[in-house]
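Going down the list, the protein sequences come from chains A and B. Note that full-length UniProt numbering has the first sequence beginning at 1, numbered continuously upward. Note that full-length UniProt numbering has the second sequence beginning at 1, numbered continuously upward. Note that CB positions come from ideal geometry on N, CA and C, so glycine has one too. Predicted, not measured: the structure shown is a model, and the values here were computed from it. Heads up: the structure comes next, in structure tokens.
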Amino acid sequence: MGLSYAGDLTVQTVAERLPELLAELPEDGELELDLSAIDEVDTAGLQLLLVIKREATARGCPLRLTAVGDSLARLLALTRLDMRLDPARDTAEGETA
Amino acid sequence: MTFESEMLAARQTFVVECRDLLDEMEHLLLGIEDTDDPQENVNALFRAAHTVKGSAGLFGLDHIVRFAHVVEAVLERLRSGEIEVSTELIGVLLPCRDHLADLVYGAEVTEHATDEQEATTDALLARLAPFVDENGGAGSGANAAEAAADGAASGERDVHLSLRFGADTLRDGMDPLSFVNYLATLGTVQRVRVIDDLLPEADAVDPERCYLAFQVQVRTAEPIERVEEVFEFVADDGDIRVLNPGTPAGAWQDLIDSFGDAGPAVAEILREFGAFDDAAVLDAATAIADAVSGVPEPATPAAPASKAASTTADAARPAPSGQGDKAASGQGDKAARDGRNIRVDASRLDRLIDLVGELVVAGAAASVRAERTRDGSLLEAVDDMMRLVEEVRDSAMQLRMVPIGTTFARFQRVVRDVSTSLGKDISLVITGGETEVDKALVERIGDPLTHLVRNAVDHGIESQEQRLAAGKPARGTLRLNAYHESGSIVIEVSDDGGGIDRDRVFAKAVERGLVDESASLTDSEVYDLIFEPGFSTAPQVTDLSGRGVGMDVVKRNVKALRGTIEVDSRRGEGSTLRIRLPLTLAIIDGFLVGVHGSSFVIPLEQVVECVELPSGVPDRNCMDLRGEVLPFVRLGSAFALGGDKPKRENVVVVESAGTKIGLVVDSLMGEFQTVIKPLGPLFEHVRGVGGSTILGTGDVALIIDVPGLVHRFGDRERARQFEAVAAHA
């Protein structure tokens, strides 16, 4: 199943987003997240993605980021978290911000 | 949230945080001459100044940085033993601290200093000049080791940053990633790696807590201090380390250890970054992953490691090297402690208290109405509700309670300043600082207390020569004490000075026409005269053992807080001024009584017991209470209420400041909890009434000011008895 989010993924919103996302994790099958409409991601948002990813892996339902916006893509590339979160986007290059 | 608004929010927090640091600095400066180990104070002072400077730098408050920089440089020289603690130096540093505080508070409004502030800065810098190194290089001198490390690595190089942020960083409105982004203004951010070892399982995660740590590599030509300054503001709560390439192995080992279980992952990142490539250390670290048993000693002895590691790291690191686990758990404790405290805007708290007050009144109204219905289940429900309301009130009140110690601590400075200017040697002894009192009271008692303390230092305690002549130690002692006593807080200001000259006070009072020459007054009545307004206007009164300057103002302030003030004094031994205040201003537990159709509320704390007025006490206003003579006041006649005397009258025995009197009332209507509404200015001077309140029925009831009544009638009655006894004899 697929979900798409818009707005900010920041400390102001994570408290709401976390239970939402956990509830969306299917019993089996994979969850596709479209984050291309996300405006801003801060450390809290990044943490949230890591938590969800880990939980999804633990439950055996892979999480896929089907699309991410520019700023998130840059952030993931810089921190090398793209390798863990595996967004569907060509981010092989761009070690520097 | 934009970077701008984050910075604005952070700047407000900056002022709040700095306020604590500045308070601490003052405290440390004042204590430094008395402590056995000044080094500890000096270190803490240096850290505080350093942090203020660094935070100011982060916000571009250059005028603060310019000033704090020199203060810090002087403290650094003090720390390294190049200069010594002296009264002279403290005398310069104290005003510097004040000016720093002035600048910081100013930063809440504007980013720039006023001309006046700049002038003060220059004047103080001139006074500091003799203590600063000749080469003028502030921060040089003792930072030699650090400077050398810097020098070796000056020019563009890859600096490694290890950033572990405090758990509340996100909640405090700061985003660690913004700091990382901000590094881009100093150089090129080469690589960033995230350490998520502390990130718990999804069901245990607190999404607003900061779990992530970062390893960052920045290519920059800036000195290490510049890089550190970016993080000054968060360094206290987190573990921020900035390392130059070529830093000795010990510091890297420390860094790896500080991550505890994640150490191997960090070692791996260091290897990947090429930041540090001592195979012995890195392999050892990675090996721990297999042998979880413990952390082995570093293969290469860590010789000058601690100095090479930044001062920030020194300050933030709770444990020395080789004990990563301990360091991590130390951080955990701190995080937990921070989590237990939250800062709340005082106005929100006041709003809550107001609402609780209204709730209490509304509850009382409901209770009265329920009473009338005689509906058992309704009464039970209302009782339950009232019990909860009371609990809510108590806990809301608790929120406002603060220890009075912080207010007391301020007087160290007052005592020091006043005694120095008078050439006296006086020590201040504080006890009972943990006694809790309503915050609103604390704020309003400060001025009267300052007055009393100044007075005691100025006039209460004699000059050194006089003291020695009287066989007392040259150093005078002033005591501030606080304790709880039957619903009140008592604050005592005592000195071991010469005491009050009773005869001179009396003579002065007669001269001023305040008392009749033939009046026979008790000692305490004489001492009370110093609070009379007439006293303070007389110019000569200042040498009259000193008390009298503005004492009427003090008394008025204390009275405005529904408190009382009394004096104890012994010739040659000293005086004690005792202020008694209610614990809170807003709500009281009262005892509701009826007198000739009117209702009055007597504060319950002062009610001792209730008895029936024995028949056969016709005119004399005293009765026999189990063999004790109890003077009483008929409230009806005291307030000139018309109406007939009922058949049976009751006496409410009240006590204030050790004196008991009875209040004769018609009916006893039981406990009543109420919000105090102050009387209008027109009734301010009515004696015996402390305020008003609205009853559940909508009627107005006056709240009896027991100390006022006791004062007014208790003394008069006792004097009459005394005369009667004298006439009899």
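Arginine 191(B) counts as buried, since at least 16 other C-beta atoms from the protein chains shown sit within 10 angstroms of its C-beta. Sequence-distant Cβ neighbours of alanine 44(B) in its own chain, meaning closer than 8 Å and more than five residues away, are Glu24, Leu28. In chain order, Ala202 make up the part of chain B whose C-beta sits under 7 Å from the C-beta of glutamate 55(A).
Secondary-structure assignment with DSSP links arginine 479(B) through a beta bridge to Val429(B), Ser494(B). Proximity of chain B to alanine 15(A) at the Cβ level (cut-off 8 Å) is accounted for by Pro207, Glu208, in chain order. In this structure, the alpha-carbon of arginine 571(B) lies about 12 Å from that of alanine 470(B). For the pair leucine 49(A) and leucine 22(A), the CB atoms are not nearer than the 9 Å cut-off.
The C-beta of threonine 693(B) has 16 or more other C-beta atoms within 10 Å across all chains shown, which makes the residue buried.
The beta carbon of leucine 199(B) sits closer than 9 Å to some beta carbon of chain A. Interface with chain A (9 Å Cβ-Cβ cutoff): leucine 170(B) is included. The shortest C-alpha to C-alpha distance from leucine 695(B) to any of Val567(B), Ala366(B), Gly574(B), Leu125(B) is the one to Ala366(B). DSSP, reduced to helix, strand and coil, places aspartate 568(B) within a strand of the structure shown.
For aspartate 237(B), there is no enclosing alpha helix (DSSP H), as DSSP marks it with neither H nor E.
At a Cβ-Cβ threshold of 9 Å, valine 74(B) and phenylalanine 131(B) count as neighbours. At a C-beta separation below 9 Å, arginine 271(B) has no neighbours in chain A, since its nearest C-beta there lies roughly 15 Å away. Contact between the stretch 457–473 of chain B and the stretch 494–511 of chain B is present, with at least three C-beta pairs closer than 8 Å.
Neighbours of alanine 44(A) across chain B, judged by C-beta separation under 7 Å: Leu170, Pro207, Glu208. Glutamate 208(B) and glutamate 16(A) have their C-alpha atoms spaced approximately 10 Å apart.
By the Cβ-count criterion, isoleucine 224(B) is buried, with 16 or more other Cβ atoms from all chains shown falling within 10 Å of its own Cβ. A Cβ-Cβ distance of about 4 Å is found for the pair glutamate 72(B) and alanine 49(B), placing them in contact under the 8 Å criterion. Per DSSP, the continuous alpha helix (DSSP H) segment holding asparagine 455(B) begins and ends at 439–455. Counting only runs of 3 or more residues that sit fully inside the stretch 157–236 of chain B, the beta strand (DSSP E) segments are 157–164, 187–195, 213–220, in chain order.
In the DSSP assignment, methionine 623(B) forms a beta bridge with Leu630(B). For tyrosine 483(B) against glycine 423(B), the beta-carbon gap comes to about 33 Å, at or over 8 Å, which does not count as contact. When Cβ-Cβ separations below 9 Å define contact, arginine 157(B) makes no contact with chain A.
In this structure proline 95(B) is exposed. Its beta-carbon is surrounded by fewer than 16 other beta-carbon atoms within 10 angstroms. Around the C-beta of glutamine 215(B), 16 or more other C-beta atoms lie within 10 Å, and the residue is accordingly described as buried. Contact note: tyrosine 211(B) reaches chain A through Gln47, using a C-beta cutoff of 7 Å and chain order.
The beta carbon of leucine 177(B) sits closer than 9 Å to some beta carbon of chain A. Judged by pairs of C-beta atoms under 8 Å, the stretch 563–579 of chain B does not touch the stretch 626–644 of chain B, as fewer than three such pairs exist.
A contact between stretches requires three or more CB pairs, one per stretch, nearer than 8 Å, and the stretch 49–58 of chain A fails this requirement with the stretch 173–187 of chain B. Counting along the chain, valine 651(B) sits inside no alpha helix (DSSP H); it lies in the beta strand (DSSP E) bounded by residues 650–656. With respect to the 9 Å criterion, arginine 171(B) and valine 41(A) are not classified as neighbours on the basis of their beta carbons. For leucine 33(A), same chain residues with a beta-carbon under 6 Å away, outside a window of 5 residues either side, are Leu3, Leu65 in chain order. In this structure, the CA atom of arginine 193(B) is about 8 Å from the CA atom of leucine 78(A). Taking a Cβ-Cβ cut-off of 7 Å, the neighbours of valine 192(B) in chain A comprise Leu78, Thr79, given in sequence order.
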